[in-house]
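*Asks:* Per our numbering, the sequence shown runs over residues -6 to 185.
Pasting a structure below so you can have a look.
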Amino acid sequence: ILRRLSLEFLELTMRSICLAAIGLALSASALADQVDFGLNNDAFSLRYSSARVSGTASIDGDWYHHIKLGNVASAGFKIDQYRGFDRYSLGGKFVVVSNDWDDASALAIGGSLSVALPGEPRVRFGGHAWFAPAVTSFGGADGLVDLEARVGYRVLDRGEVYLAYRYIDVGYEKHSDLRVEDGLMVGMQLTF
């Protein structure tokens, strides 16, 4: 039952993220605050973040697809703090992993940050860290780690290009861990 619910949640999350991206492309009055696209030769990621909940909180949807290692989708809630050009966030998210190896899900806690280089606010450093221990991992999972470190440059006031290192590892109870990503990605982040 949990596996079926996880797959249904993954399908619903991916469908919702795709519809949100299409809505952003078609509407000048889009509801999103940020859309983030990243890719490399084997993988693609899409992140949608909206602060419409309140001025200090945001909801996020994230989909990562690897051509050989499957999908990782998540939906979460974060509390945001702004200090000048810098942003710091803490929160939690529900993660669903779907692949040929073994499907799993987890509740992860963590956060993200985006800080400007002192004296040059167009140069940005940031990333995120999400962790789910065994106690909040389900469907055969024994833990999850999702890390990203990035450096970006704001080419527009509301548009940034970046180079990122992404690491996603899913631990399993019955067999070895699956490293879904361990490499570089290039991308862009658009703010509305």
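All C-beta atoms in this analysis are idealised placements derived from N, C-alpha and C, irrespective of residue type, glycine included.
Round the Cβ separation of Ala109 and Val116 to the nearest angstrom and send it over; I've been treating them as touching at under 8 Å.
*Replies:* Right, their Cβ atoms sit about 7 Å apart.
*Asks:* At what residues does the beta strand (DSSP E) containing Arg76 begin and finish?
*Replies:* Here the beta strand (DSSP E) through Arg76 covers 63 to 76.
*Asks:* Mind checking which residues open and close the beta strand (DSSP E) that includes Phe185?
*Replies:* No beta strand (DSSP E) holds Phe185; DSSP gives it neither H nor E.
*Asks:* Where Ala68 and Val144 are concerned, what is the direct C-alpha to C-alpha distance, given to the nearest angstrom?
*Replies:* Rounded to the nearest angstrom, the two C-alpha atoms are 24 Å apart.
*Asks:* Inspect the CB distances between the region 27 to 40 and the region 83 to 90 and report whether three or more fall short of 8 Å.
*Replies:* No, they do not touch.
*Asks:* To the nearest angstrom, how far is it from the Cα of Met178 to the Cα of Ala142?
*Replies:* So the two alpha carbons sit approximately 10 Å from each other.
*Asks:* With Asp29 and Gly180 assumed to form a contact (beta carbons below 8 Å), what rounded beta-carbon distance in angstroms separates them?
*Replies:* With a Cβ gap of about 6 Å, Asp29 and Gly180 count as contacting.
*Asks:* Which residue's Cα is closest to the Cα of Gly133: Val148, Gly104, Ser169?
*Replies:* It is Ser169.
*Asks:* Straight-line CA distance for Val65 to Asp175?
*Replies:* Computed Cα separation, rounded: 14 Å.
*Asks:* Give the range of the beta strand (DSSP E) segment to which Lys86 is assigned.
*Replies:* Counting along the chain, the beta strand (DSSP E) containing Lys86 begins and ends at 79 to 91.
*Asks:* Which residues does DSSP pair with Arg143 in a beta bridge?
*Replies:* In DSSP, Arg143 forms a bridge with Gly119, Ala157.
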